[in-house]
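All remarks here apply to the structure that follows.
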Amino acid sequence: MDGKPLYILLCSGEHEKVQMAAMMASVAAVSGRPAQVFVSMNAVPVFERDRSPEERYQGGTFSRLMLEKKAPDAIELFQQGKMLGEMQMYACSMALDVLGWELDRLVPDLFDGALGLTKFLSDAEQGELITL
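Rendered as structure tokens:
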């Protein structure tokens, strides 16, 4: 699946959208396509460390079903993508500032750092951008 890098701007905290971002990024990365995920706005609190899936996710019927059926967790999918392929994750520096958070408040070893939207969009010009 070589091709242009995949850039995902994740700004929703909705479980279904977080799950889709994790699936797309991890599949791209393990298939040889570089992926970069930029986590902003309502998506940032989803990645707060030490939260259970029930505390972490908000969503509708499909969210409930994913939890009941023990579908692969989005956080685990992101971790697998980073471990098995070329994938980077960045937290939005502005969103962290608004929340009053530092990177250490997020899931350990998942984020490559904080990044501004301008830099992310500049990088994304070389690939395909998806917003969720």
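Just so we're aligned: 130 in our numbering is position 129 of the sequence shown, and the numbers increase by one with no gaps anywhere.
For each residue, glycine too, the CB sits at the ideal point set by N, CA and C.
Please read all numbers here as calculations on a predicted model, not as lab measurements.
Compute the Euclidean distance between the alpha carbons of residue i and residue j, then round it to the nearest angstrom.
| i | j | result |
| --- | --- | --- |
| Met67 | Asp113 | 27 Å |
| Gly60 | Asp51 | 19 Å |
| Leu116 | Lys70 | 35 Å |
| Ala23 | Leu100 | 23 Å |
| Glu132 | Asn43 | Position check: residue 132 holds Thr in this sequence, whereas Glu was assumed. When rounded, the distance between both Cα atoms is 13 Å. |
Could you check where the alpha helix (DSSP H) with residue i kicks off and where it finishes?
| i | result |
| --- | --- |
| Gly31 | A small fix is needed here, since residue 31 is Val in this sequence, not Gly. Here the alpha helix (DSSP H) through Val31 covers His16 to Val31. |
| Glu129 | No alpha helix (DSSP H) contains Glu129, which is instead part of the beta strand (DSSP E) from Glu129 to Thr132. |
Identify, in the order they occur along the chain, each residue of the same chain with its Cβ nearer than 6 Å to the Cβ of residue i, setting aside the five sequence neighbours on each side.
| i | result |
| --- | --- |
| Ser41 | Cys12, Cys93 and Ala96 |
| Val47 | Gly14, Val19 and Arg57 |
Could you check if residue i is buried or exposed, using at least 16 other CB atoms within 10 Å of its CB as the buried criterion?
| i | result |
| --- | --- |
| Gly82 | buried |
| Val38 | buried |
| Met88 | buried |
Quick check on the DSSP output: the beta strand (DSSP E) that includes residue i runs from which residue to which?
| i | result |
| --- | --- |
| Gly114 | Gly114 to Leu116 |
| Leu66 | Per DSSP, Leu66 belongs to no beta strand (DSSP E); it is in the alpha helix (DSSP H), Thr62 to Glu69. |
| Met95 | It is not in any beta strand (DSSP E) - Met95 instead sits in the alpha helix (DSSP H) that spans Ser94 to Leu100. |
| Phe39 | Ala36 to Val40 |
Considering only residues of the same chain and omitting the five flanking positions on each side of residue i, which have a CB-CB separation below 7 Å?
| i | result |
| --- | --- |
| Leu130 | Tyr8 and Leu10 |
Tell me, to the nearest whole angstrom, how far the beta carbon of residue i is from that of residue j; I am working on the premise that it is less than 8 Å.
| i | j | result |
| --- | --- | --- |
| Phe63 | Glu17 | 5 Å |
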